[in-house]
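A short write-up of the structure that comes next.
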Amino acid sequence: AILLALNDLYGISELTDQTYMLLEQKFREANRPGWYKHVLKDRAGIDLSIVDGGHRKFDPEFYRHVERFDQFVQVASASEIRAAAESYLPMVTSLDQYLDALRIAFQAGVDYGMVAVKSGLAYQRIIKYDNIGETRALALFKGMMAEKPLTADDIKAFQDFMMHRVIDLAAEFNLPVQIHTGLQAGNGNLITNSNPVHLVNLFMEHPDVDFCLFHGGYPYGGELATLAKNFPNVFIDMCWIYIISPTYSARYLHEWLETVPANKILAFGGDFQYVEGVYGHAVMAREIITKVLVEKVRSGYFTEAEAIRVAQRILRENALEIFKINGNNRMVEIESVLSKSPFLSQWWELHGSAQGLVRDYRVIGPFPFAEGLDTKYPPEESIDFSGQYPGLAGPVTWRKVQVPESGYLNFLTVFADNPSGVDARAPGMVYAYTEITSPDNRKVKMTLGSNDGATVWINGLSVYNVHVGRNAVKDQVMLDVELKKGVNRILAKVENLGANWGLYLRVVDPSGELAIGCE
38 AILLALNDLY GISELTDQTY MLLEQKFREA NRPGWYKHVL KDRAGIDLSI
88 VDGGHRKFDP EFYRHVERFD QFVQVASASE IRAAAESYLP MVTSLDQYLD
138 ALRIAFQAGV DYGMVAVKSG LAYQRIIKYD NIGETRALAL FKGMMAEKPL
188 TADDIKAFQD FMMHRVIDLA AEFNLPVQIH TGLQAGNGNL ITNSNPVHLV
238 NLFMEHPDVD FCLFHGGYPY GGELATLAKN FPNVFIDMCW IYIISPTYSA
288 RYLHEWLETV PANKILAFGG DFQYVEGVYG HAVMAREIIT KVLVEKVRSG
338 YFTEAEAIRV AQRILRENAL EIFKINGNNR MVEIESVLSK SPFLSQWWEL
388 HGSAQGLVRD YRVIGPFPFA EGLDTKYPPE ESIDFSGQYP GLAGPVTWRK
438 VQVPESGYLN FLTVFADNPS GVDARAPGMV YAYTEITSPD NRKVKMTLGS
488 NDGATVWING LSVYNVHVGR NAVKDQVMLD VELKKGVNRI LAKVENLGAN
538 WGLYLRVVDP SGELAIGCE
């Protein structure tokens, strides 16, 4: 990349003992107003750059920026906790205050116009973030603040908890998250720490957050293809990769274009701190992308028109849409297609809203899977919030749960601090209870999305009962149900066949006359 830049920009074809003095002279001559713009925009053809440069203002002619909150995650002592928080909330003493400091820092980034969150913790630790419950997190926080000795597993657990809180904020503010995966710069690091497969539970537990995985996951290109194909919220970012290995870049771009939708690939990022390097890298990227697309056309995989459209997508439009730059949003195109069907158009409008989403629940479990949805447990007989029953690996009781604005009731998170030590991803059953108060008898539409199958009762009557293996999506099932005047008792039983586990419930209430949720 550097030699390309030196040749094209300065007319120097090689860097030797004889040419470096001439190059220095040319650098000095070029160091004038307008050179940066000339190289970046006129020569490299880069309209905008997403820059990772900290919390500060950037020239909007050239940049949009991302911010990191790794300092709130990568803590192992009271002094590190205070150092992370002091600029936003000095002298924190409680976990609630520490989370408030994180929120203040995040809001400051939003106020500055950040378009994404960036994490580079693959340089310091494994990027597997197990979600623990707040009870354990609070105990670990108190231990750190009291300077009690903690194990490496304890420290990792608290850091994992904080990473999930960062992702929660990304979901709340509708921002994508960029994560370093694969090769770390420098020598002597643990490459296995940065394998993108470690991130699977983040993708599962935060389905409303888009994750851009950096550097083509080098050398884990096959794994990255599987992740981007399997998870709607996972995107491939090819920044840095062309100068790591042009061969790898071409080989996996071929494969990714065959396995992953083209609107999920970001095909270039300069990853240089000086503009000449960005130019050289951009030339390499365009040459490799052109070669791959030409081969795809010659083999008949793409038509020429399709290849041109793919190039536009992966080099420009995807980034504008994912980072929502200049009003770009891929939802516009989706809405245009769905507008041709009144039913789908109405469904999509509902799907994108928070109207009627249940956010307050009582939850009990996990119970053994046994015979699946056909196995009856005590909550089906009566709702007694003081009751304690045999569960999957010990007694279980009801607990209050409030879910985020997305409406996703994540049972993996609910049971993350299960004292029995049972993995919440193991097959099992859970009950979720809520209430809907209606001013009169009425018919309404209720929607649900569950992972996996579910049974739903309203006032003791079954309105839905389906055993199925699936991912939970808002409004994937629409039901016509009847509510009585007063309090309606809603009970959902959700099975877990393994891996992810969650529930969405919504009552369509455009008039806002229904009271949704339980105390």
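Residue numbers (our numbering): 38 to 556.
Glycine included, every Cβ here is placed at the ideal spot set by N, Cα and C.
Rounded C-alpha distance that separates residue i from residue j
i, j, result
"residue 242", "residue 124", "30 Å"
"residue 71", "residue 378", "51 Å"
"residue 250", "residue 520", "45 Å"
"residue 299", "residue 327", "15 Å"
"residue 253", "residue 338", "22 Å"
"residue 60", "residue 50", "11 Å"
"residue 492", "residue 145", "43 Å"
"residue 214", "residue 188", "29 Å"
"residue 68", "residue 62", "10 Å"
"residue 160", "residue 221", "6 Å"
"residue 74", "residue 129", "44 Å"
"residue 103", "residue 219", "20 Å"
"residue 539", "residue 444", "10 Å"
"residue 193", "residue 163", "9 Å"
"residue 183", "residue 255", "41 Å"
"residue 427", "residue 404", "8 Å"
"residue 88", "residue 211", "19 Å"
"residue 191", "residue 177", "7 Å"
"residue 230", "residue 196", "15 Å"
"residue 84", "residue 64", "24 Å"
"residue 497", "residue 555", "17 Å"
"residue 173", "residue 342", "56 Å"
"residue 482", "residue 518", "6 Å"
"residue 558", "residue 151", "Given a span of 38 to 556 for the chain in the structure shown, any question on residue 558 remains unanswerable."
"residue 170", "residue 348", "44 Å"
"residue 294", "residue 360", "21 Å"
"residue 412", "residue 467", "12 Å"
Assumed close pair residue i, residue j - CB separation to whole angstroms, cut-off 8 Å
i, j, result
"residue 106", "residue 139", "7 Å"
"residue 156", "residue 216", "5 Å"
"residue 344", "residue 357", "Not a contact, Cβ separation roughly 20 Å."
"residue 43", "residue 52", "6 Å"
"residue 304", "residue 352", "5 Å"
"residue 429", "residue 465", "5 Å"
"residue 232", "residue 260", "7 Å"
Residues near residue i in its chain [Cβ-Cβ closer than 7 Å; skip 5 each side]
i, result
"residue 513", "486"
"residue 439", "396, 397"
Short CB-CB distance (under 8 Å) between residue i and chain D
i, result
"residue 435", "Here chain D cannot be found, since the structure has a single protein chain."
Same chain only: Cβ atoms within 6 Å of residue i, ignoring 5 sequence neighbours per side
i, result
"residue 16", "Look at the range of the chain in this structure, 38 to 556, and you will see that residue 16 is not part of it."
"residue 308", "276, 277"
"residue 203", "106"
"residue 245", "208, 443"
"residue 542", "395, 485"
"residue 365", "357, 358"
"residue 142", "125"
For residue i, the three-state DSSP class (helix, strand or coil)
i, result
"residue 74", "helix"
"residue 447", "strand"
"residue 493", "strand"
"residue 425", "strand"
"residue 488", "strand"
"residue 104", "strand"
"residue 510", "coil"
"residue 545", "coil"
"residue 18", "Nothing can be reported for residue 18, as the shown portion of the chain is limited to 38 through 556."
"residue 578", "The structure shown does not extend to residue 578, since the chain spans only 38 to 556, so no value can be given for it."
"residue 288", "helix"
"residue 116", "helix"
"residue 383", "helix"
"residue 452", "coil"
"residue 398", "strand"
"residue 248", "strand"
Terminal residues of the alpha helix (DSSP H) in which residue i lies
i, result
"residue 225", "No alpha helix (DSSP H) holds residue 225; DSSP gives it neither H nor E."
"residue 321", "312-335"
"residue 475", "Segment 465-475 is the beta strand (DSSP E) holding residue 475; no alpha helix (DSSP H) there."
"residue 362", "Note, residue 362: premise wrong, no alpha helix (DSSP H); not H, not E."
"residue 178", "171-182"
"residue 434", "Unbroken run through residue 434 is the beta strand (DSSP E), 432-434; no alpha helix (DSSP H)."
Run of the beta strand (DSSP E) containing residue i, from where it starts to where it stops
i, result
"residue 502", "498-503"
"residue 155", "153-156"
"residue 206", "Looking at the DSSP string, residue 206 is not in any beta strand (DSSP E); the run it does join, the alpha helix (DSSP H), is 189-209."
"residue 525", "523-533"
"residue 273", "271-274"
Residues near residue i by beta carbon distance below 8 Å, same chain, minus five either side
i, result
"residue 238", "165, 166, 167, 168, 449"
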